[in-house]
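Enquirer: Each number in this note's numbering corresponds to the 1-based position in the sequence shown with 96 added.
To start, I am sharing the structure in question, which I have written as C-alpha cells.
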Amino acid sequence: MSQFRPYQPALLRILHGAAAILAILSLISGFWVYNTYDRRWGALPLPRLDAIQDIHGTIALTFFLLFPLFALYSFHIGDRRLTDRRSLQQLQRLGDPVGWVSLHRLTNTVMLLASTLAIVTGRMMKEGWLPAGDLDRLVYFGHLIAWACVFFCLMLHLLLSAKVGGVPLLISMFRWGLREGDAPRSWLQSIRWQPSSAVLKGIEIVTIAGIFIAAIAPLF
Numbered sequence: 097m098s099q100f101r102p103y104q105p106a107l108l109r110i111l112h113g114a115a116a117i118l119a120i121l122s123l124i125s126g127f128w129v130y131n132t133y134d135r136r137w138g139a140l141p142l143p144r145l146d147a148i149q150d151i152h153g154t155i156a157l158t159f160f161l162l163f164p165l166f167a168l169y170s171f172h173i174g175d176r177r178l179t180d181r182r183s184l185q186q187l188q189r190l191g192d193p194v195g196w197v198s199l200h201r202l203t204n205t206v207m208l209l210a211s212t213l214a215i216v217t218g219r220m221m222k223e224g225w226l227p228a229g230d231l232d233r234l235v236y237f238g239h240l241i242a243w244a245c246v247f248f249c250l251m252l253h254l255l256l257s258a259k260v261g262g263v264p265l266l267i268s269m270f271r272w273g274l275r276e277g278d279a280p281r282s283w284l285q286s287i288r289w290q291p292s293s294a295v296l297k298g299i300e301i302v303t304i305a306g307i308f309i310a311a312i313a314p315l316f
C-alpha cells in the first residue's frame, strides 16, 4: 500500500529554504554580535571575531533583499498558511487538529511580522553603537526583541509542522523534483492580487510599510 507523500510547490521550497537559511544565519551571527559586545543576559564562550558585526550585517542585508519576494509569495500565493479571521476563532479548539493548524498559521504570521521588525530595527542601527558600548538604544532593544520572537516562532513553527503533518511534511520541504504543472512558467498564474481576508490585507500593509522604512532608514 503506497504511503501519501505531501508535495510542496517548488517556488515555496526555494523561497522558504533561502529565507530559513538566512534567518538562521542571522540569528547565529546576531547572537555572536550580542555575545561580543553586550552579554547582559547571559553569554557563551565563543571566540572573538572582530568582523562578526560585518558578517551579521551582510547576512541580514541579503535576508532583507529576499524578504519582499518571500512576503509577496506569503500574502498572494501561500496565504492559506497564514492566519485569518476564521483561523483566529478556531484557536480555542487546540484539542482538535483544526486548532493546531490555526496555531501553526498564527505562528507563521507572527514570524513574518517579527522578521519585518527585525529588518527595520537592524537597518536603523549604527555600526559604532555596540563597539562604543552604547547599548541602551531603544532601536537596539527592539532589534533584540524582534530576533528573539523570530527564534521562538521558528522553533514553534518546526514543532507545529511536525504536529500537523508529521515527519513527511518536514521532509517534503527538502525534496527535489517538480510535479506536472509546477514549472516556473506557471508560478505567476497562482498569484491572487487581492488578499484573501481583511486581516491579511492589514498585515500586508504593515509589512510593506516596514520594508519601505527599512529601505530608506540608512539615509537618515
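All C-beta atoms, glycine included, are put in the ideal place defined by N, C-alpha and C.
Tell me, please, whether the CB atom of residue 104 is closer than 8 Å to any CB atom in chain C?
Expert: Included in the structure is just one protein chain, with no chain C present.
Enquirer: What whole-angstrom Cβ distance do residue 310 and residue 219 have, given they're in contact under 8 Å?
Expert: Contact holds; Cβ gap of about 4 Å.
Enquirer: In whole angstroms, what separates the C-alpha of residue 263 from that of residue 255?
Expert: Between residue 263 and residue 255, the C-alpha separation is close to 10 Å.
Enquirer: Counting only the same chain and skipping the five closest in sequence on each side, list residues whose C-beta sits under 6 Å from that of residue 213.
Expert: If we look at residue 213 and ignore the five residues flanking it on each side, its Cβ neighbours are 242.
Enquirer: When the Cα of residue 297 is compared with those of 138, 126, 103, 167, which residue comes out closest?
Expert: The shortest C-alpha separation from residue 297 is found at 167.
Enquirer: Could you pull out every residue in the same chain whose Cβ sits closer than 6 Å to the Cβ of residue 106, ignoring the five residues on either side in sequence?
Expert: Excluding residues within five positions, the ones whose Cβ falls inside 6 Å are 274, 278.
Enquirer: If you follow the alpha helix (DSSP H) that residue 300 is in, where does it begin and where does it stop?
Expert: Element bounds for residue 300: 294 to 312.
Enquirer: Among 115, 134, 272, 128, which one has its Cα closest to the Cα of residue 225?
Expert: Minimum Cα distance to residue 225 is reached at 134.
Enquirer: According to DSSP, simplified to helix, strand and coil, what is residue 143?
Expert: Looking at residue 143 - three-state DSSP - the assignment turns out to be coil, as it is neither helix nor strand.
Enquirer: By a C-beta neighbour count over all protein chains shown, 10 Å radius and 16 as the cutoff for buried, is residue 207 buried or exposed?
Expert: Buried: at least 16 other Cβ atoms inside 10 Å.
Enquirer: Please say whether residue 162 and residue 116 have beta carbons closer to each other than 8 Å?
Expert: Against a cut-off of 8 Å, the Cβ pair of residue 162 and residue 116 comes out as no contact.
Enquirer: In angstroms, rounded to a whole number, what distance separates the CA positions of residue 138 and residue 258?
Expert: About 30 Å.
Enquirer: Examine the Cβ distances between the stretch 120 to 130 and the stretch 149 to 159 and report whether three or more of them are shorter than 8 Å.
Expert: Yes, since at least three Cβ pairs between the stretch 120 to 130 and the stretch 149 to 159 fall closer than 8 Å, the two stretches touch.
Enquirer: Quick one: what's got a C-beta closer than 8 Å to residue 222's C-beta in the same chain, skipping five residues either side?
Expert: If we look at residue 222 and ignore the five residues flanking it on each side, it has no Cβ neighbours.
Enquirer: So residue 251 and residue 109 are supposed to be a Cβ contact under 8 Å. How far apart are they, rounded?
Expert: About 21 Å separates the two Cβ atoms, so there is no contact after all.
Enquirer: Are residue 173 and residue 286 close, meaning C-beta to C-beta below 8 Å?
Expert: It is a contact, given that the beta carbons lie within the stated cut-off.
Enquirer: For residue 300, count neighbouring Cβ atoms within 10 angstroms of its own Cβ and tell me buried if that reaches 16, exposed if not.
Expert: Buried, because 16 or more other Cβ atoms sit within 10 Å of the Cβ of residue 300.
Enquirer: Please say whether residue 122 and residue 156 have beta carbons closer to each other than 8 Å?
Expert: Yes. Within cutoff.
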